Structures are given as structure tokens and as C-alpha cells.
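Asks:
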Amino acid sequence: MKVKLSSTGPEMSRIVAGVMTWGDWGAKMNTSQIQKQIEECIDLGVTTFDHADIYGGYTTERDFGNAWKDMSIDRSDIQLISKCGIKYPCDERDYNIKSYQTTYNYITWSVEQSLKHLNTEYLDLLLIHRPSPLMDPQVLAKTFEYLRKEGKVKHFGVSNFTSSQVRMIQKYTPLVTNQVEISVLNRSTMTDGTLDQCLEYGIRPMSWSPLGGSKMFTPSDQYEFVAQRGRLKAVADKYDWGLDELALIFLLHHPAGILPVLGTTKVDRLKKSIALLDKQISDEQWFEIWTAATGENVA
Amino acid sequence: MKVKLSSTGPEMSRIVAGVMTWGDWGAKMNTSQIQKQIEECIDLGVTTFDHADIYGGYTTERDFGNAWKDMSIDRSDIQLISKCGIKYPCDERDYNIKSYQTTYNYITWSVEQSLKHLNTEYLDLLLIHRPSPLMDPQVLAKTFEYLRKEGKVKHFGVSNFTSSQVRMIQKYTPLVTNQVEISVLNRSTMTDGTLDQCLEYGIRPMSWSPLGGSKMFTPSDQYEFVAQRGRLKAVADKYDWGLDELALIFLLHHPAGILPVLGTTKVDRLKKSIALLDKQISDEQWFEIWTAATGENVA
Amino acid sequence: MKVKLSSTGPEMSRIVAGVMTWGDWGAKMNTSQIQKQIEECIDLGVTTFDHADIYGGYTTERDFGNAWKDMSIDRSDIQLISKCGIKYPCDERDYNIKSYQTTYNYITWSVEQSLKHLNTEYLDLLLIHRPSPLMDPQVLAKTFEYLRKEGKVKHFGVSNFTSSQVRMIQKYTPLVTNQVEISVLNRSTMTDGTLDQCLEYGIRPMSWSPLGGSKMFTPSDQYEFVAQRGRLKAVADKYDWGLDELALIFLLHHPAGILPVLGTTKVDRLKKSIALLDKQISDEQWFEIWTAATGENVA
Numbered sequence: 056m057k058v059k060l061s062s063t064g065p066e067m068s069r070i071v072a073g074v075m076t077w078g079d080w081g082a083k084m085n086t087s088q089i090q091k092q093i094e095e096c097i098d099l100g101v102t103t104f105d106h107a108d109i110y111g112g113y114t115t116e117r118d119f120g121n122a123w124k125d126m127s128i129d130r131s132d133i134q135l136i137s138k139c140g141i142k143y144p145c146d147e148r149d150y151n152i153k154s155y156q157t158t159y160n161y162i163t164w165s166v167e168q169s170l171k172h173l174n175t176e177y178l179d180l181l182l183i184h185r186p187s188p189l190m191d192p193q194v195l196a197k198t199f200e201y202l203r204k205e206g207k208v209k210h211f212g213v214s215n216f217t218s219s220q221v222r223m224i225q226k227y228t229p230l231v232t233n234q235v236e237i238s239v240l241n242r243s244t245m246t247d248g249t250l251d252q253c254l255e256y257g258i259r260p261m262s263w264s265p266l267g268g269s270k271m272f273t274p275s276d277q278y279e280f281v282a283q284r285g286r287l288k289a290v291a292d293k294y295d296w297g298l299d300e301l302a303l304i305f306l307l308h309h310p311a312g313i314l315p316v317l318g319t320t321k322v323d324r325l326k327k328s329i330a331l332l333d334k335q336i337s338d339e340q341w342f343e344i345w346t347a348a349t350g351e352n353v354a
Numbered sequence: 056m057k058v059k060l061s062s063t064g065p066e067m068s069r070i071v072a073g074v075m076t077w078g079d080w081g082a083k084m085n086t087s088q089i090q091k092q093i094e095e096c097i098d099l100g101v102t103t104f105d106h107a108d109i110y111g112g113y114t115t116e117r118d119f120g121n122a123w124k125d126m127s128i129d130r131s132d133i134q135l136i137s138k139c140g141i142k143y144p145c146d147e148r149d150y151n152i153k154s155y156q157t158t159y160n161y162i163t164w165s166v167e168q169s170l171k172h173l174n175t176e177y178l179d180l181l182l183i184h185r186p187s188p189l190m191d192p193q194v195l196a197k198t199f200e201y202l203r204k205e206g207k208v209k210h211f212g213v214s215n216f217t218s219s220q221v222r223m224i225q226k227y228t229p230l231v232t233n234q235v236e237i238s239v240l241n242r243s244t245m246t247d248g249t250l251d252q253c254l255e256y257g258i259r260p261m262s263w264s265p266l267g268g269s270k271m272f273t274p275s276d277q278y279e280f281v282a283q284r285g286r287l288k289a290v291a292d293k294y295d296w297g298l299d300e301l302a303l304i305f306l307l308h309h310p311a312g313i314l315p316v317l318g319t320t321k322v323d324r325l326k327k328s329i330a331l332l333d334k335q336i337s338d339e340q341w342f343e344i345w346t347a348a349t350g351e352n353v354a
Numbered sequence: 056m057k058v059k060l061s062s063t064g065p066e067m068s069r070i071v072a073g074v075m076t077w078g079d080w081g082a083k084m085n086t087s088q089i090q091k092q093i094e095e096c097i098d099l100g101v102t103t104f105d106h107a108d109i110y111g112g113y114t115t116e117r118d119f120g121n122a123w124k125d126m127s128i129d130r131s132d133i134q135l136i137s138k139c140g141i142k143y144p145c146d147e148r149d150y151n152i153k154s155y156q157t158t159y160n161y162i163t164w165s166v167e168q169s170l171k172h173l174n175t176e177y178l179d180l181l182l183i184h185r186p187s188p189l190m191d192p193q194v195l196a197k198t199f200e201y202l203r204k205e206g207k208v209k210h211f212g213v214s215n216f217t218s219s220q221v222r223m224i225q226k227y228t229p230l231v232t233n234q235v236e237i238s239v240l241n242r243s244t245m246t247d248g249t250l251d252q253c254l255e256y257g258i259r260p261m262s263w264s265p266l267g268g269s270k271m272f273t274p275s276d277q278y279e280f281v282a283q284r285g286r287l288k289a290v291a292d293k294y295d296w297g298l299d300e301l302a303l304i305f306l307l308h309h310p311a312g313i314l315p316v317l318g319t320t321k322v323d324r325l326k327k328s329i330a331l332l333d334k335q336i337s338d339e340q341w342f343e344i345w346t347a348a349t350g351e352n353v354a
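Residue numbers (my numbering), protein chains in the order written: chain A, 56 to 354; chain B, 56 to 354; chain C, 56 to 354.
1. What's the C-alpha gap between I162 of chain B and T246 of chain B?
2. Between the Cα of G206 of chain C and those of C:Y177, C:L182, C:G212, C:S214, spot the shortest distance and give me the residue it belongs to.
3. So, does the CB of I109 of chain C fall closer than 8 angstroms to a CB anywhere in chain B?
4. Quick check on the DSSP output: the alpha helix (DSSP H) that includes Q340 of chain B runs from which residue to which?
5. Where does the unbroken alpha helix (DSSP H) through S68 of chain C begin, and where does it stop?
6. With DSSP collapsed to three states, give me the class of D105 of chain B.
7. Can you give me, in chain order, the residues of the segment 182-210 of chain A that have a beta carbon less than 9 angstroms from any beta carbon in chain C?
8. Relative to the C-alpha of I329 of chain B, which candidate in B:C96, B:T86, B:Q88, B:T76 has its C-alpha closest?
9. For a minimum of 4 consecutive residues, which ranges assigned as the alpha helix (DSSP H) are wholly contained in the segment 182-250 of chain A?
10. Quick one: is M261 of chain C near chain B, going by C-beta distance under 8 angstroms?
11. For the segment 150-165 of chain C, enumerate the residues whose C-beta is nearer than 9 angstroms to any C-beta of chain B, in chain order.
12. Under 9 angstroms Cβ-Cβ, which residues of chain C neighbour R222 of chain A?
13. Could you give the residue range of the beta strand (DSSP E) that holds G73 of chain C?
14. Between which residues of its own chain and T319 of chain B is the CB-CB distance below 7 angstroms, once the five residues before and five after are set aside?
15. In whole angstroms, what is the alpha-carbon distance linking M75 of chain A and S264 of chain A?
16. Going by C-alpha to C-alpha distance, which of A:T86, A:A122, A:Y143, A:V322 sits closest to V353 of chain C?
17. For M261 of chain A, does the three-state DSSP call read helix, strand or coil?
18. So V316 of chain C is in the beta strand (DSSP E); what residue range does that whole segment cover?
19. Tell me which same chain residues have a C-beta within less than 7 angstroms of the C-beta of H184 of chain C, skipping the five on either side of it?
20. Quick check: what's the CA-CA separation for P260 of chain A versus A72 of chain A?
21. Is it buried or exposed, M126 of chain A, if we count other Cβ atoms within 10 angstroms and call 16 or more buried?
22. Please list the partners that S219 of chain C has in chain B, where partner means a Cβ-to-Cβ separation under 7 angstroms.
23. Among the candidates A:L306, A:K321, A:M84, A:Q277, whose CA atom is the shortest distance from the CA of Q335 of chain A?
24. Tell me the residue span of the alpha helix (DSSP H) that contains L135 of chain B.
25. Taking the straight line between their C-alpha atoms, what separation do you get for K83 of chain C and D132 of chain C?
26. Flag A82 of chain B as yes when its Cβ comes closer than 7 angstroms to any non-hydrogen atom of the ligand GTP, and as no otherwise.
27. By how many angstroms is the C-alpha of G248 of chain A removed from the C-alpha of G312 of chain A?
28. Could you tell me whether the segment 335-352 of chain B touches the segment 191-198 of chain C, where touching means 3 or more Cβ pairs closer than 8 angstroms?
29. Kindly confirm or deny that the segment 62-72 of chain B and the segment 91-105 of chain B touch, where touching means at least three C-beta pairs closer than 8 angstroms.
30. Find the residues of chain A that neighbour K226 of chain B, judging by a C-beta separation of less than 7 angstroms, and give them in chain order.
31. Is it buried or exposed, V231 of chain C, if we count other Cβ atoms within 10 angstroms and call 16 or more buried?
32. Kindly indicate the opening and closing residues of the alpha helix (DSSP H) around V281 of chain C.
33. With distances taken between CB atoms, is the gap from E343 of chain B to I109 of chain C smaller than 8 angstroms?
34. Assuming the contact rule is C-beta atoms closer than 8 angstroms, L173 of chain B and K209 of chain B should be a hit. Round their C-beta distance to whole Å, please.
35. How would you list, in chain order, the residues of chain B whose beta-carbon sits under 7 angstroms from the beta-carbon of A289 of chain A?
36. What residue range does the alpha helix (DSSP H) around K321 of chain B cover?
Below, the structure written as C-alpha cells:
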């Protein structure tokens, strides 16, 4: 179930494990729990782990690295993604305000930190976490070139970028993905040009919050969401799917070949998700979901 | 009065006959009436006929084809446009919901239906009717290539596409037009990049609802439209134009070389429209219309 | 302090003198006052003067030219920018309404007028002042080619253009700048793709109203602006800057290499601005300004 993000790679598992909530920003797993989680993911074929330097206030990469270093798994059997560029004020870092930095010195330093924390020689994929108004595409190209030559990072991508930002960077250096929020509840990338551009460039998008987040599962008093959830539930019931399955089926059927980043730490839910990779739906079924989500027929 | 849509063709009449309302979705003409209508169009130089598979609930292509097959007109003397990709629930088709499909199998099958209904060996131009979130540009390229090689379709275009959607498709296969709504009452394509892109790529846009539809001609109680209509009427009166003439003059003066798709079945109105092809206005006169439409001076 | 707008030039002073308010639309300077102003600018290294045909109702180029012709300054020591394309009804011109014109005949005629008024053989840079819906990029390319060959204009650019308009023109003729409104109070070009495109194409933007205009300096009753101004003032105070200095520092730090067009006729303020060219701030400081302007932390 490996797929290539672009013609030049890298290969990633189609379902990606999102590590954001494994540590201080969520489950607060200890070393042995993380080791167990990593093992279970790999057993299920989920070999790609999605990190960012800031997760857990710059602590989760370290927690993962401490767990990973004592496991007897070949480095080449897993893929590590990390992100950088956000300076986040917290215990670990003495920043005054939240800001972005995408300079040569900062990014190369930040990657060194991630490598050290993760106990690895290289990242399979580095993403610029947020588009900064201060990005200089030629500086990024030079930075990426250095990191590639040194063997510290194999491939490069971006996250939460608009099409014009991707186009600007892509002019000077090849990108292999744009990781953005995509779900049945947040379909804007499907019409605003973001996914069009991925298909134009032949790169696969990744999706964070692929199930729609709490809005999907937490009952809300807002009429708009109650009605939408009701319509989606009716479609799910018709086909005997759960709402989480419906959300994932919706993403997996898209021609851009979206890689969902699943944050769940529950192995059962991960298993259910992987089972969906073999599921085929018709385009008409997909539009049943779309129509339930928008609340109106297509034009 | 023929024009080329792109450097590679095809040649179309500058004014295109819109067939949407000839059948069940409008005038409900019988065979001899359609034959008369076709003859009168051709006599006026309007040799291009704009169809879509769904018009009349999948019946109007057939009505046209039944009329056309017994007329002694050379196929090469007219140009047939059709569109596909919308699955529209109606008597003729057993669909549960309105949806889009742009797969190889569906489009090739759909074109076969259109060819059979229209009693023709080929379409001069096939348009994807609406942009589907599920379009795969490489699949479309392969589909178009097959249809071209088989001689079933000469040229390809799209309808109602945004610039990023056109760019995505154009990357893999050449398009010759984007048929969109453009009129003095709907000027968004003139500022949102749609017509910029046509000029960039050297392709001519086509305009549906070129006269602004009923909003232009039906008195409305909404103050906004009453005021706008009043301003446009004042310009039309100043130059002794009808409102329909003003609307068409506005389109024909644009440098993108817009082809209006006229839905009228009244020969007199068609004649009046064709007479406007020789009419020259100044840019200042065009901005008088623009300013009347927007209600404010340009910046 | 000269910078190149693109790899092919031209060289301009990093701070540009905006001439719009020197004449009838502002200070109403007489010939000797204009001569003094020109001298003081040049002494400060501000050698680039930003004109438009319409400034002062088509009178300010003439006022400048009358002053300039009797000064003993080498033409090659200064750079003259002008703009054309707006037909502005006023005493000097018999137009009925404000409109745009970008035809070959009109632009070449308009440039002749500017050359005559400015008492110069050539413009260093000509900008199309506003994007007209009637622009034909191939006509513009032909027009620019003629003006370049004749030695009347060295370089070409645009003003107030969207990315799709720039892309359309750039397809047929190279542009060296897009002069747009950019300031700490108007940051839209930093996120809507305008500055991304400049960085993609390797051209420098110019900024009109770089200090934010009167909204920045005139107390307002609107709560929104009072609050914003208060936050910006707090940052300025922290670093012992004036609000005008903060505004300029914000622009000068941007990687696109923005050239501010300063309209001030006060030499003291010009001096203060030039002193800022040597000022270095950190990215974090820049985001302090950004955050004060937006009123919220970055994502």
C-alpha cells in the first residue's frame, strides 16, 4: 500500500500516522506505549509518521526518538516526515510571539534539532509548516539544496500553501506535496485550485484533519452543522458505513490520490481505515456524499 | 464571419446558435420547424449549433438529429458542438441524483450517444459541461486522444471552468475554448482571470446567456436591478440601440473575441444580432456601457 | 542605493519620489520650488521620479518638465517613470467619462505627450496605470516593442494588476514591475499572490501609499482603526520608531525588495526614510508589526 508522492518519490504509506497527539498535545504516551504504537502501525502497513518540530511544544519528536532508538526496526522500513518554520512560544523555546522563519540559518538549524530529537540521520520529507509572507523562494531552494546534498533530507514539500505560493516555490525547487486540510466538511481545496494544482504538477496532496475533526463527531447546537451531519449520517446509514468511514472513503476516491494523515492512536480505528483502501465506490456514490455535505445538488 | 477558436482551429461562426431551448426545454419545435430553423440559421451564416447531451432531458440532440438527417446540407457546412459530463435524472436516464462523470468509459459512451442522436459521424467540438471535483486531467487527455484518433471528435474544450481547472487540463491536452456565462450583467469573467487566461493561451471564449437572460428584459422589483437597467437603457437610448443590441455590442467589442451563443429561435432577432458584427464602437463607448452596468466610474 | 527591478534592469533608487502631489493635486509648487525639490531628492540619492500622465489633471508632468529643462543635471543621472492608459475628464482633456484605453495609437500618442511635457527623449519606465478589461496583450506587446525600438521607453511595467493580468501580459512581453498599494495597513498583496508572483518572476514590486495614507496618521472614530493604530503605536514606541518609520521598515524588510514611492515633499521626512535603508530588523520583529496590524497571532 505504498504510493509515490511524485514521479521522483518518495514512497509513503497511503495512510499516514499523525504523531501530533501522541505526546504532550494529546495521549501523553510513555516510551513503551510509543514503541507499541509504532509497532502496531508498521504491522498494519502504516510505515509513514508525520511529525512537526512544534508538536507537544517541541517535545514529541524527542519522545518518538527516545522510543524509536531502542527498537530493532530498519530505518529504511519507515518514513519520517517533519515540518518546520513556526516559532512557537513555549517552555522549550524563548520566543516572545508566535512567528514564522524560513531563512537558511534557521531552517538548517531546525532540521538538525529534528534529526537529533528523532534519533535519525535523515528525514524522508521536510515540509514548510505554514506559508510565511517573508518566504524567499531562492533562499528556500538554496536551503533545500544544502540539506539534500548533506543527506539530511531526501524530499521537500509544503503545508497549508495557496496555489500561488506553491507556484512561487516550485519555480526554483521541486516540491513533492502540499499538506492541507481536506475533508468532507472542508472541501475548499477541491474548488479553489489547490488540488487542481497537485494534479497539474503530478504531486499528491496530504490531508490533515481528514475526518473533519470534532465538528464531525461532536453534537453541536448550531443548526447548520446539525443539518449537515444529519444528511451525511443518512448517506452513511444507507451504505452501512460509520461517519468516519464515509469521511475517509470520500477522500480516498479523489483522483489527486490524497494521503490522509490519521491522528488516531486507537489500533481498531486504524485497522478499519486500512480496510477501506480496497473499497471501491462509484462516482455517483461520491456525489451523494458531496451533495449531502453541501446541502444542494451540483449545478 | 467564421473565426478560429485557437491557432489549430476549429472554425466556427462568430454567432453560435444555442439549441438548448429548441426542444423540450423551450419551444418544443417539431421536425419541420427544426428543419426550417436550421435553414434560416445557415442562410444567415450561423452555421455552428451548440448542443449538450442533457438538453431537453437527453431529447433535444435526437430531435435535432431527426430533423437534420433528411436535409440536403453538407455535414462540412455546419459545425456541431456538444457537451457531456452531467448525469441528469429524468425520464430518459435512471439516475438517483444529479452528478458528474468524466471517466474514460462514461465520456466515450456519452459521445457515442450524442453521435447517434445527432445522426452524425463526428462532433466538431466536445465540451466538458461542468468542472467535476473528480476530474483526472490525464484520464481526460487519454479519452480525448482516443476520440480524436477515432475521428469522433475534432476538438475539445470546457465549460464553466475556473482558470486553475483550465490550466490543469491544458497541461495534458490542448483546449480550444472555455464556454462561460459572460454578459453586461455578469462581468465576473472579465476581472477574475477567466478571460485573461483565454488571451494568455490564445483561445476564444464562448458566452452562454450573452444577453443577460431574463434579468435584462423582465422588469424586476429589486431596486438594484431597476437602477442598473435604467442606466443601461439610457446608454442604449442615447445611441438608438435596443437593450439586446447593447448587450451584444458589449461582448463583441471585447479583445478576447467572445462567441455569443444565442438561444433565440426568432429569425428577426438573429438577423439584428448578425448586423451588429459590422458595428464598430469606441473604447470610450464601451466604458459608457461598463460604467452604466457597474454604477460607478472606473478607478 | 540603486537596485535593479529585474535581471534586465532598469536600475532605480530604492526610495522613489512620487510626484503626484507636487503640482495641482497637492503642493502646487512653482518652477523654482520644483527645481529645489528635484535637487534635494538627488542629493539624498532619490534619483527616480514617479509620474503619471494624469497627475494634476495632465499638468504635473509639464510642471516638472518646465523645471527640469533648465537644470544642469545629466538625464542619465535620474530615472523617469510615467504611467498611461487612464482617460480622465478635466480641463486639459475633452473626455465625457473616465475610461481606459490601451490601444497602439492611444498609448504611443500618450507617451509622446509625456515625453514632450517632461522635456525628455525617453522614459526609463512606462507603466499601464490600471488594468483595463479591454487590454489585448498582443497589442500591448507590439506597442511596447515599437516604443523600445524607437528609444522612447526603456522598460515596461504595470500598476494595480492582478496576478492573472500580469501573467497574461508577461506571456507576450517582459514586464519589470507591478506597482501596487502595499503597506502595513493594506497587506492584501502579501497573501493574494501578487508578491508571490513578483518573486516567482524575479521582478520587484513598487508600492504606492507605502505609509498607509491618512488612515495611518489621522485620528479616526472608527473603533477598528483606533485599536489597530494603538497596537501599531505600541510596537513603534517599544523600538523608539515613529509610525511612519514602522510602516517603511515593514516594507523594506520584505524579500520581494519593494520600492516605496514616497509622496512627501518634506526633505526631513525623506531623509528619515533614507536612513532606514540601513536598518536591519529580525523576522520576529517584523511579525510583531504584522501581528499588531492583523490583531491576531499567526496560525
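Beta carbons: idealized from backbone N, C-alpha and C, even for Gly. Being a predicted model, the structure only gives us computed values, none of them experimental.
Replies: Taking the structure as given:
1. On the second sequence, residue 162 of chain B is found 107 positions in, with the first residue counted as 1. On the second sequence, residue 246 of chain B is found 191 positions in, with the first residue counted as 1. Going from the Cα of I162 of chain B to the Cα of T246 of chain B covers about 32 angstroms.
2. In the third sequence, counting from the first residue as 1, residue 206 of chain C sits at position 151. Comparing Cα positions, the closest option is C:Y177.
3. As a position in the third sequence, residue 109 of chain C is number 54, starting the count at 1. It does not: the Cβ of I109 of chain C has no partner Cβ on chain B nearer than 8 angstroms.
4. By 1-based counting over the second sequence, the position of residue 340 of chain B is 285. Taken as a continuous stretch (DSSP letters only), the alpha helix (DSSP H) holding Q340 of chain B covers 338-349.
5. The residue labelled residue 68 of chain C in the question sits at position 13 within the third sequence. Not the alpha helix (DSSP H): S68 of chain C falls in the beta strand (DSSP E), residues 66-68.
6. Stepping through the second sequence from its first residue, residue 105 of chain B is reached at position 50. Correct three-state label for D105 of chain B: strand.
7. R185, P186, S187, P188, L189, M190, D191, P192, Q193, V194
8. Against the second sequence, residue 329 of chain B aligns to sequence position 274. I329 of chain B has its Cα closest to that of B:C96, out of B:C96, B:T86, B:Q88, B:T76.
9. If we require 4 residues or more, the alpha helix (DSSP H) runs fully inside the segment 182-250 of chain A come out as 192-204, 218-225.
10. Within the third sequence, residue 261 of chain C is the residue found at index 206, counting from 1. False, the Cβ-Cβ gap to chain B never drops below 8 angstroms.
11. Y150, N151, I152, K153, S154, Y155, Q156, T157, T158, Y161
12. Position 167 of the first sequence, counting from 1, holds the residue named residue 222 of chain A. G248, D251, Q252, E255, listed in chain order.
13. Position 18 of the third sequence holds residue 73 of chain C. Taken as a continuous stretch (DSSP letters only), the beta strand (DSSP E) holding G73 of chain C covers 71-73.
14. For the purposes of this step, residue 319 of chain B is taken as residue 264 along the second sequence, with counting starting at 1. Excluding sequence neighbours, T319 of chain B sits near L325.
15. Locating residue 75 of chain A in the first sequence gives position 20, where the first residue counts as 1. Locating residue 264 of chain A in the first sequence gives position 209, where the first residue counts as 1. Rounded to the nearest angstrom, the two C-alpha atoms are 11 angstroms apart.
16. Residue numbering aside, residue 353 of chain C sits at position 298 when the third sequence is read from its first letter. Measuring from the Cα of V353 of chain C, the nearest candidate turns out to be A:Y143.
17. Reading the first sequence from its first residue, position 206 is the one you call residue 261 of chain A. Strand.
18. Stepping through the third sequence from its first residue, residue 316 of chain C is reached at position 261. Segment 314-317, the beta strand (DSSP E) holding V316 of chain C.
19. Here the question's residue 184 of chain C lines up with position 129 in the third sequence. The answer, listed in chain order, is A107, K138, C139, G140, I141, S214.
20. Along the first sequence, read from residue 1 onward, the residue named residue 260 of chain A stands at position 205. Along the first sequence, read from residue 1 onward, the residue named residue 72 of chain A stands at position 17. Cα to Cα, P260 of chain A sits roughly 15 angstroms from A72 of chain A.
21. One-based indexing of the first sequence puts residue 126 of chain A at position 71. M126 of chain A comes out exposed.
22. Sequence index remark: in the third sequence, residue 219 of chain C carries index 164 (1-based). Those within 7 angstroms of S219 of chain C in chain B are S218, G248, D251, Q252.
23. Numbered from 1 along the first sequence, position 280 holds the residue referred to as residue 335 of chain A. Among A:L306, A:K321, A:M84, A:Q277, the Cα nearest to that of Q335 of chain A belongs to A:L306.
24. Residue mapping note: residue 135 of chain B aligns to position 80 of the second sequence, counting from 1. That residue, L135 of chain B, is in no alpha helix (DSSP H); its beta strand (DSSP E) goes 134-139.
25. The residue you call residue 83 of chain C lines up with position 28 of the third sequence. The residue you call residue 132 of chain C lines up with position 77 of the third sequence. Between K83 of chain C and D132 of chain C, the C-alpha separation is close to 25 angstroms.
26. What this structure holds is no ligand at all, so the ligand GTP is not there to describe.
27. Here residue 312 of chain A is taken as the residue at index 257 of the first sequence, counted from 1. Here residue 248 of chain A is taken as the residue at index 193 of the first sequence, counted from 1. Computed Cα separation, rounded: 15 angstroms.
28. No contact exists between the segment 335-352 of chain B and the segment 191-198 of chain C.
29. yes
30. Taking the first residue of the second sequence as position 1, residue 226 of chain B is located at position 171. Correct list: E255.
31. Stepping through the third sequence from its first residue, residue 231 of chain C is reached at position 176. By the 10 Å Cβ count, V231 of chain C comes out buried.
32. As a working mapping, residue 281 of chain C is identified with position 226 in the third sequence. 278-293 is the extent of the alpha helix (DSSP H) around V281 of chain C.
33. As a working note, residue 343 of chain B is residue 288 in the second sequence. As a working note, residue 109 of chain C is residue 54 in the third sequence. Contact: no.
34. Taking the first residue of the second sequence as 1, we reach residue 173 of chain B at position 118. Taking the first residue of the second sequence as 1, we reach residue 209 of chain B at position 154. Going by Cβ atoms, the distance from L173 of chain B to K209 of chain B rounds to 14 angstroms, so no, they are not a contact pair.
35. For the purposes of this step, residue 289 of chain A is identified with residue 234 of the first sequence, where counting begins at 1. Result: empty, since nearest Cβ-Cβ is about 13 angstroms, beyond 7 angstroms.
36. Against the second sequence, residue 321 of chain B aligns to sequence position 266. Boundaries cannot be given for K321 of chain B, as no alpha helix (DSSP H) includes it and DSSP labels it neither H nor E.
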